[in-house]
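Q:
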């Protein structure tokens, strides 16, 4: 089955700096890659996603890149703000919609 | 904005007791999922449900677990005889058949 790895497990950045989180996946059949933000005591919230026929997607300060050949995908947050502090999960899904498999998460701290 | 609603938010039970966790999906969604998250760990897939039957389940989802949609609206997860290791946050997620999953705020289950 699919296995998603994620690095780093923790990340601290100064406010205004950029943050990058990297993930790898194992199943070449996966073709949808969402990113979720989880704040304390809440459920995961979808922040951006990318499909395998696209190499890059951007939404304001957040961007995601995908290298399907290498099975790598990354989240880039620019101009970080304290409210970006949370746990971020990458994930992968196959075409059947049967399940989304999560990475282990990255705890991001933005220091004012 | 429509959201997935889960009840109760917290559930405390004695080992060996049955618990039922409830979820109200977003109204036009057709795919339903349960995930769990043990404190500090990754979000783990339990089961997916479509067209009134299980689509896929993980190794965690053994004979002690069951799901149903008893009245066409609520989506429930039942654990027949809880164990200490069932203590976790349980998340319901729903989708309308595209890839985007929307998560509820979770039920914190504590088994004593």
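Chains as they are written, first to last, in this note's numbering: chain A, 30 to 141; chain B, 50 to 161.
Every residue, glycine too, gets a C-beta built ideally from N, C-alpha and C.
Would you tell me roughly how many angstroms separate the C-alpha atoms of residue 56 of chain A and residue 32 of chain A, rounded to the nearest one?
A: On the first chain, position 27 is the one that residue 56 of chain A refers to. On the first chain, position 3 is the one that residue 32 of chain A refers to. Each residue's alpha carbon lies about 7 Å from the other.
Q: Take every Cβ of the region 82–101 of chain A, pair it with every Cβ of the region 59–69 of chain B, and state whether three or more of those distances are shorter than 8 Å.
A: Touching, no.
Q: Any chance you could list the alpha helix (DSSP H) runs of at least 4 consecutive residues sitting entirely within the region 45–115 of chain A, in chain order?
A: If we require 4 residues or more, the region 45–115 of chain A turns out to have no alpha helix (DSSP H) run fully inside it.
Q: Taking Cβ-Cβ distances shorter than 8 Å, what residues in chain B pair up with residue 71 of chain A?
A: In the first chain, the residue the question calls residue 71 of chain A occupies position 42. By Cβ distance, chain B contributes 154, 155.
Q: Just verifying my parser: in three-state terms, what is the DSSP assignment at residue 88 of chain B?
A: Here residue 88 of chain B refers to the residue found at position 39 when the second chain is read from its first residue. In this structure, residue 88 of chain B counts as coil in the three-state DSSP scheme.
Q: Pull up the DSSP beta-bridge partners for residue 132 of chain B, would you.
A: In the second chain, counting from the first residue as 1, residue 132 of chain B sits at position 83. Answer is none; residue 132 of chain B lacks a bridge partner.
Q: Just mark residue 138 of chain B as buried or exposed, buried being the case when its beta carbon has 16 or more other beta carbons within 10 Å.
A: Here residue 138 of chain B is taken as the residue at index 89 of the second chain, counted from 1. When all chains shown are included, residue 138 of chain B counts as buried.
Q: Quick check: residue 80 of chain B and residue 143 of chain B, are their CB atoms within less than 8 Å of each other?
A: Residue 80 of chain B sits at position 31 when you count from the first residue of the second chain. Residue 143 of chain B sits at position 94 when you count from the first residue of the second chain. Going by C-beta atoms, residue 80 of chain B is nearer than 8 Å to residue 143 of chain B.
Q: For residue 136 of chain A and residue 62 of chain B, I'd like the C-alpha separation in whole angstroms.
A: Position 107 of the first chain, counted from the start, is the residue given in the question as residue 136 of chain A. Position 13 of the second chain, counted from the start, is the residue given in the question as residue 62 of chain B. Roughly 30 Å between the two C-alpha positions.
Q: So with Cβ pairs under 8 Å, would you call residue 94 of chain B a contact of chain A?
A: The count along the second chain starts at 1 and reaches residue 94 of chain B at position 45. Output row for residue 94 of chain B: interface = yes.
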